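Enquirer:
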Amino acid sequence: MATHLSGGRINLAVWREVARRELLECLDKCVGSKAIVWDDHLTGPFGLIAEYSLLKEHEVDKMFPLRPGRLPISAGSGQGSMIIQNIIFLVRPRLDLMEIVADAIRRTEEAAGRFHMEFHIFFVPRKSLMCEKKLTELGVYGTLTTVGEYTLDLLPFDSDVLSMEMEQSFKECYLQNDLTTMFYVAKALMKIQALYGIIPKIYGKGTLSKHVADTILRLRREMAGNERQVQPQIDTLLLIDRTVDLLTPLATQLTYEGLIDEIYGIHNTNVKLPPEKFVRKNENEPQQELPTEPKKIILNSSDELFAVIRDKNFNAVGPELSRKAKILSAQYEERKDAKTVRDIKQFVTKLPHIQAAKASLATHTSIAELVKERTDLESFMDSLQTQQEFMNGVDTDKVNNYIEECIAKREPLIKVLRLLCMQSVTNNGFKPKIYDFYKREITQTYGFEHIVSLNNLEKIGLLKVQGQKTYNTIRKTLRLVVEDVNEQNPHDISYVYSGYAPLSVRLAQFLAKPGWRSIEEVLRLIPGPTVEETQQIPYGLLKKRTIGDSQSDNQKVTLVFFIGGVTYAEMAALRFLSNQDDGPMEYLIATTQVINGHNWLRSIMEDLVVPTFSEKEFGSTTGSRLR
Amino acid sequence: MAHITGGWNPLGEVFFRKLELYSMDRSWQELAKLEKFKVAAAPYGGPIALVRDESKMTHIPGSTRPTVYIYTSSGREISQFRWNSGKLLDMGWSSSEDLLCIQEDGTVLVYDIFSNFKRNFSLGQEARDTKVLECKIFQGYVGTGLAVLTGSYRFFVINNIEEGHSRKMVEVPDLDSPPSSWCIICRDRHTQILLAKEKRLFLVDYTDVHEQTLTTSSPVNAFIEMAVSFDNRLLALFGDTGLLWTGSSDLQKVYCEFDTKSQKRPKQLAWCGTGAVVGYWENLLLIIGPHKDWISFNMKSEAYLIPEADGLRIVDSATHELLQRVPVVVEEIFNVGSIAPGALLFEASKEFQKKSQKADDYIRMVMAKGDLPLAVDQCIEAAGCEYEPATQRILLKAASFGKCFLTNMSPEKFVNMCKMLRVINSVREYHVGMPLSYEELKRLTLPVLIDRLILRRQWCLAMHISRFLKLPEAEGESRILGHWACYKVLQKHIADETIAQDIKSKLDTAPGIAYSEIAKKASECGRTQLAVKLLEYEPRAAEQVPLLMTMRDQKVALTKAIESGDTDLVYLVLLQMQETMPMGDFLMSLRNQPMAQSLFMQFCREQKPTLLTDLYYQNDDFQEMANCQVADSFKITDFQQKTDKLNGAHDNYTKARNEFAAKATEEQNKLLGYQRRLEDQYKVAYIGKSLHDTMHELISKNMSKLAEQLRKEFKVPDKRFWWLKIDALANSGDWLELERFAKSKKSPIGYEPFVEVCMNHHNKYEANKYIGRVAAENKVKMYIKMGSLEEAADLAFQQRSEDDLNQVMRQCLGNRALTAKIQGMKAQMYSKK
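Chains A and B, in that order, give the protein sequences.
Under the numbering used here, think of the first position of the first sequence as 669, with each following residue one higher.
Under the numbering used here, think of the first position of the second sequence as 5, with each following residue one higher.
#1: So, are the CB atoms of residue 275 (chain B) and residue 261 (chain B) less than 7 Å apart?
#2: Less than 7 Å between CB atoms is the rule here; does residue 909 (chain A) satisfy it with respect to chain B?
#3: Does the contact criterion of 3 or more C-beta pairs under 8 Å hold for the region 91 to 109 of chain B versus the region 327 to 344 of chain B?
#4: Please name the residue, chosen from B:507, B:437 and B:403, that lies closest to residue 3 (chain B) on a Cα-to-Cα basis.
#5: Grouping DSSP H, G and I as helix and E and B as strand, with all else coil, what is residue 1259 (chain A)?
#6: Mapping the DSSP letters down to three states, classify residue 358 (chain B) as helix, strand or coil.
#7: Identify whether residue 476 (chain B) lies in helix, strand or coil by the three-state DSSP scheme.
#8: According to the Cβ coordinates, are residue 138 (chain B) and residue 153 (chain B) closer than 7 Å?
#9: DSSP state of residue 541 (chain B), grouped into three classes?
#10: Under a Cβ-count criterion, where at least 16 other Cβ atoms within 10 Å of its own Cβ denotes burial, should residue 222 (chain B) be classed as buried or exposed?
#11: Identify the contact partners of residue 860 (chain B) in chain A, using a Cβ-Cβ distance below 9 Å as the criterion.
#12: From residue 397 (chain B) to residue 495 (chain B), what does the alpha carbon distance come to, in whole angstroms?
#13: Compile a chain-ordered list of the residues in the region 1105 to 1129 of chain A whose CB is closer than 8 Å to at least one CB of chain B.
#14: If we count the other Cβ atoms within 10 Å of its Cβ and call it buried at 16 or more, is residue 697 (chain B) buried or exposed?
#15: Please report the distance separating the alpha-carbon of residue 1220 (chain A) from that of residue 1256 (chain A).
#16: Answer with buried or exposed for residue 684 (chain B), where buried requires no fewer than 16 other C-beta atoms within 10 angstroms of its C-beta.
#17: Using a 10 Å radius around the Cβ and a threshold of 16 neighbouring Cβ atoms, would you call residue 804 (chain A) buried or exposed?
#18: Using a Cβ-Cβ cut-off of 8 Å (strictly less than) and excluding sequence neighbours within five positions of residue 373 (chain B), which residues of its own chain qualify?
#19: If you check the beta carbons only, do residue 440 (chain B) and residue 49 (chain B) fall under 7 Å apart?
#20: Assuming residue 729 (chain A) is part of the beta strand (DSSP E), what are its boundary residues?
#21: Alpha carbons only, please: which of A:998, A:687, A:1226 and A:1168 is nearest the one belonging to residue 817 (chain A)?
#22: Within the same chain, show all residues whose beta-carbon is closer than 7 Å to that of residue 183 (chain B), passing over the 5 residues directly before and after it, in chain order.
#23: Less than 7 Å separating the beta-carbons of residue 208 (chain B) and residue 173 (chain B)?
#24: Name the residue from B:239, B:32 and B:269 whose alpha carbon lies nearest to the alpha carbon of residue 2 (chain B).
#25: What residues in the region 706 to 738 of chain B bring their beta carbon closer than 9 Å to a beta carbon of chain A?
#26: List the residues of chain B that residue 844 (chain A) touches, going by C-beta distances under 8 Å, in chain order.
#27: Which residues of the region 666 to 680 of chain B have a Cβ closer than 7 Å to any Cβ of chain A? Give them in chain order.
#28: Look at residue 1055 (chain A) and residue 919 (chain A) and say whether their C-beta atoms are less than 7 Å apart.
#29: On a CA-only basis, which of B:42, B:188 and B:244 is nearest residue 163 (chain B)? Give me that one, please.
#30: Suppose the cutoff is 6 Å on Cβ atoms and the five residues either side in sequence are ignored; what does the same chain contact list for residue 971 (chain A) look like?
#31: How would you call residue 831 (chain B), buried or exposed, if buried means at least 16 neighbouring beta carbons within 10 angstroms?
#32: Assign residue 632 (chain B) to one of three DSSP states: helix, strand, or coil.
#33: Which residues does DSSP pair with residue 323 (chain B) in a beta bridge?
#34: In terms of residue numbering, what span does the beta strand (DSSP E) encompassing residue 148 (chain B) cover?
#35: Please give the ranges of any alpha helix (DSSP H) in the region 980 to 1039 of chain A, keeping only runs that are unbroken, at least 4 residues long and fully inside the region.
#36: So which residues of chain B does residue 1072 (chain A) contact, with C-beta pairs closer than 7 Å?
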């Protein structure tokens, strides 16, 4: 079921297998029947590692979400009830969760009476001293038979994507200066190096990149002599701190996958969509009941069609879908030409594949329709136009009419902030008067409480008072804005934002060819230190390049680690570079979290009050309020 | 050279041989009159401990306390110490080569081979009260175990002396005198005691006792001696009639019953590997095979038998010998007249060295059958079984000779054997004195061998071996150096400075040294300064920091923890600091450690919010304090407190020079005041709403006047106010008012919004009223919005705007007539161009 992970140059199925084995080792420490209590946040990630049947094989009979109060386990030998010998908590090391765990343990124990149960807790991805202390304070530490850790850090999303899915990471690092997650990042990179060999070259840009690079080098010193001897499979590590490129995630992604994420939100490669579009039209029963549950679809490259269209500009998806439809129906027509038994047999063997392709085509046609409903909206187009103006550096120093109008119409705050931050970033800050005007507009319209959120955005640098103007220089030198994009058959990464090339990916591109030497000037303009380190590889492990290697073998592999998040559009751009015929690099992507402008800003904002009625999902409100 | 088979003794179909391992060192020869001593020897060629056996001596009252001597297998003294505790009952060795001395009162004292006392433990109250009669040390499934028989005729067993405590075995019924004999059997992770009460046999464990039935061919009154083989699978019982019974240790299978014709109890009964049982009487060593075959040797002096996995070592005052079954490969190669491939190859090689053409004949014989690879393997294997380097060499030569005729044979086996033999020969060396066999080394594994060399302080040899075998540094070199350093810090006569330098210079190049371990050792023996110096070299923060903390060096610990990037470590230090320091000092000490401070704040944020404000206050961080107060103001429901908080926030924002925020806070307070009055007046909840929402609600409720007042008060820009008002009016369906508002003065936002809000409520009729006033360039768009596609198309055509036409066309999917019309228009436009 994980075949889609092994498609890349670096086999991530191995990574998944290791994670699975470690999980089972944890489970097998608890002998007997088990019930797992999940931290809600972890169920998604675990779905990528192990399926329920596997857990069942290891005597996991029940699973519960972590909630305060007694676990719904019937103690003793009530009829039909299974006897659970072990309760296993799988939680993130967060103090607030410890109270729930403690409560659950206490109440369950009371209810269990003389029936003996063992309690275990595994922290994901690391044990935390503070949590253990908290459990001690709460008086349940002694009750726990096992206090362990399960180092599930990077989750394999696809054959070239790993994500840690730590949504708080960016906020903790930049607002609270709590670099705990950066240590996890360093640890994860150490694990990658243990599995796929030491990475000879490390490059990076940004404060956190420097921090992570330093930590890795330090950890390697600590490891000295104890490393697994593996031939390096990854040639370069590129660390990109999100603050290096604040602009990209603010822009609306225009690739197929990116748009699905913008509109519906993709979580752990799953997306939930309104079910209406997916009702199969059944001729026999004209009136079928409409399903109310949202339709859940897994988006990864095991779906051949999706693998092709995910990274395309949305405008190129329609033509691709219809091309695919034609091919399919042509294949289907072949049955008429099948005259001999052999022909028919051949056709029949192809049939399951055709049917699967047909189903996938139907699914993606429906999704594309749903997406198109949104992209056709006037508000979508207007917003896009404003974004493009900003990216082109047009009138970024004035109060923008569209933003003003959005505020006046009380459009969702996040949408407004996204545009506002974009203006600020492309103008390197506002004139004080304009800045105050915007802030006033926002606090008066959306409420005074947002003054704290605005302050947060300011700390990160998304909003600020004007400083040195650098954006236009960077834009020109790195060709961030490209005219005349060919969305159907792109020849530059800028197609992912229909004319804007993500700065982060441009950095990767320049690093591969011709090297960062050539853009030193620009690198100096981008905030944060530049990192360049070399790690010595034992001579015996060096790659031996022989003459006559095929092209693909000569392509080097770069692991790009986005610290603070990466968007689907950026991934698409990197894949585009990997797939170039004469491309010097193949890219493996890792990140602390897959983000889009919406959930990213949301994570930075302060949650002071219960969200008011207007702050729903970006997509659902943009549409409904205007319709 | 005498022929190798010269020393072979046939036992049935197989051969046994006795090899001399060492002729013992003079110091041993002078001391070791074994009849006067208690002897304990460790398996795997381990050390031998001797102590004078008082029971064998005429007791002289007030005699001096006995001395315990520890020797290597080659008879070199390692150490000795004066025994000055209670009555020593027995001695034995653990698997980690610790000497266990069992006292009569059940106390066990543990010494290392250099006679350093390590620890002691007790076997329990009952043993203390009733005294230990007998004891046996055994290798269990978890480690070294110990079993004792107490004066109350009960057995107590410890399965692993490293941990755990003694457990009582089930009592054997009617056992009112010591059993005739007993032994321990460890099978399938299960420890059992087999004991003989006269001729009745009992198998005892923690939970059960079973009587075993054993019928022997000739009657026996009692089993007076028993022995279990090294692998615990075979058992030998000796009856008082001279009958020797051998069988499986579960007593299910009988291999042989042999009449020794000696009714005297043998001094020792032991298995030689798994092939034969050896009984030792005064002057006689009797080897009994499984088919009643036997060999006997005369013994010149008192000897001691040490069973090994693949043989039996016999040590007496002059020599140390190994008795073993001649290994099969060796037999096949050297046995007279053998035509095994290995034997032929060996012959060929010999002839080749003599430059005789017979070599060719022999090699052809082997190759004809295609047995050459097997022959080479046999020679390699046989070399591993030999003790004499010369023999090893000729066998390896033969193997190497045979290899020449093979094109694709992997050299790995050969090379490995050469390497291993070099290692084995070097540890068998007289001054090291570890007579290991190749088989035993394989069981022991290389890391354990290195361990044992470390234990003997054979640093240099251990280093050479690990370098020679290219062991990973962590297992080899670094570990050895680490231990060496630990030993070094104990040398108190050398100054801290010198030791630190010595250690550093030796260990500098070795990666993965656990400096923390060395520092810990130093700290344990009171050399804190040295420990601190050594810790400097420790690269692993996780090891370094806790130790620094135990040495109360919190400041350094904190710095190191921060450097490591491991936030958990930082918390570890912070918590200790918080506990040991007054709060004020603690908070102050965080001031110049921003990272630690942030982490502590993070902790406070969740656990101790009040402390957080203290910290902000301490740092003069007015902005954050104000933010906190703002946050608080939203959590509080009491109105007065709310405004107080905001006033506080206002002050702090002012101090932080954040004029905007200060003003905004002031306005918020003002707004709250208004909202409160409104609530009092109209009994509708306003507090918590934004200015926008408040005005919106007021207008919807037909209280435009009040809204107007707020607008003035808070200086709401015109544009926004218009949007707000239009939306609110449309929302409440007050179309009349909307129209009036539109006409009140010129709209600052144009008239598109009017159309929009009407259409949001699907009121096309109202929308129509405003379309006329919409700016020309937006009209088409507005028509589209209203659904008036015809008009939109006409207008676009009029304005000659192709873009607009296209836009309209996109909207009229399914409307064929209109699509056609637009296409017509477009065509017309083109033609005119």
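Just so it is clear, CB atoms sit at the ideal spot from N, CA and C, and this is done for glycine as well.
What you are looking at is a predicted structure, and each value in this text was computed from that prediction instead of being measured.
Expert: So, to answer that:
#1: no
#2: no
#3: no
#4: Since the first residue of chain B shown is 5 and the last is 837, residue 3 (chain B) is not available in this structure.
#5: strand
#6: coil
#7: coil
#8: yes
#9: coil
#10: exposed
#11: A query on residue 860 (chain B) cannot be resolved here, the shown segment of chain B reaching from 5 to 837 and no further.
#12: 43 Å
#13: 1107, 1108, 1109, 1111, 1112, 1113, 1114, 1115, 1116, 1117, 1119, 1120 and 1123
#14: buried
#15: Low confidence applies to residue 1220 (chain A): its pLDDT is 49, below 50, so where it sits in the model is not reliable enough to give any reading.
#16: exposed
#17: exposed
#18: 345
#19: yes
#20: 728 to 733
#21: A:687
#22: 199, 200 and 201
#23: yes
#24: No information on residue 2 (chain B) is available, as it lies outside the stretch 5 to 837 that chain B covers here.
#25: 718, 719, 720, 721, 723, 724, 725, 726, 727, 728 and 731
#26: 602, 605, 606 and 609
#27: 668 and 672
#28: yes
#29: B:188
#30: 1028
#31: exposed
#32: helix
#33: B:27
#34: 148 to 154
#35: 982 to 1005
#36: 723
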